[in-house]
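Numbering (the numbering used here), first residue to last: 121 to 300.
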């Protein structure tokens with residue numbers, strides 16, 4: 121899985137944005153910018169209604185996000201593949217060795233609200249004796265329209281954990297100490 125993340129990081133068209141590039145007479149168009157939405161880069165799963173450190177079932181955080189894109193000039197579309205990695209850690213209130221993290225991928229246009237958002241589940245399994253586990257999530261084939269003067273640079277793709285209102289409030293209220 122980490123190989124997938126590395127492969128995406130090393131490939132792609134204008135992966136990190138920027139203007140049109142020329143390479144051997146071929147125009148390379150920019151991919152949409154990618155990143156993690158502020159305040160959704162980590163999640164703390166609590167037991168019941170507890171808020172104490174001893175009530176933590178697990179913590180997780182998203183690390184790096186990478187992408188690659190491909191333009192279909194005949195269809196005027198951009199197909200974007202995204203991958204992000206992260207780490208999860210069991211807390212003192214953990215009673216199971218497996219959990220499912222809810223994440224999202226959202227597409228925005230510059231200066232606009234979300235165009236589309238999709239929630240994805242990431243299963244995480246801790247082997248016996250293991251307190252931390254790394255994960256990679258890939259989302260292939262997000263298709264975006266373009267045309268005229270618009271290209272991939274008008275889009276931004278954001279990932280994060282799909283938080284409940286209580287989890288978001290917890291993230292805002294409690295200072296976070298990274299797992300890594």
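The beta-carbon is built from N, C-alpha and C at its ideal position, and this holds for glycine as well.
Every value quoted in this text rests on a predicted model; they were computed, and no experiment measured them.
Rounded straight-line distance, which links the Cα of residue 237 to that of residue 169: Taking the first residue of the chain shown as position 1, residue 169 is located at position 49. Taking the first residue of the chain shown as position 1, residue 237 is located at position 117. Straight-line measurement puts the Cα of residue 237 at about 28 angstroms from the Cα of residue 169.
Name, in chain order, the residues that DSSP records as bridge partners for residue 278. As a working mapping, residue 278 is identified with position 158 in the chain shown. Bridge partners of residue 278: 155, 226.
Excluding the 5 residues flanking residue 184 on each side, which residues of the same chain have their C-beta closer than 6 angstroms to its C-beta? Here residue 184 corresponds to residue number 64 of the chain shown, with the count starting at 1. Here the set comprises 205.
Would you call residue 181 buried or exposed, if buried means 16 or more other Cβ atoms sit within 10 Å of its Cβ? Along the chain shown, read from residue 1 onward, the residue named residue 181 stands at position 61. With 16 or more Cβ atoms within 10 Å of its Cβ, residue 181 is classed as buried.
Buried or exposed: residue 225, going by 16 or more other Cβ atoms within 10 Å of its Cβ? By one-based count along the chain shown, residue 225 stands at place 105. Burial call: buried.
With DSSP as the reference, please indicate the residues paired to residue 288 in a beta bridge. Position 168 of the chain shown, counted from the first residue, corresponds to residue 288. According to DSSP, which records beta bridges pairwise, residue 288 is partnered with nothing at all.
Exposed unless 16 or more other CB atoms sit within 10 angstroms - verdict on residue 188: In the chain shown, residue 188 corresponds to position 68, counting from 1. So residue 188 ends up on the buried side.
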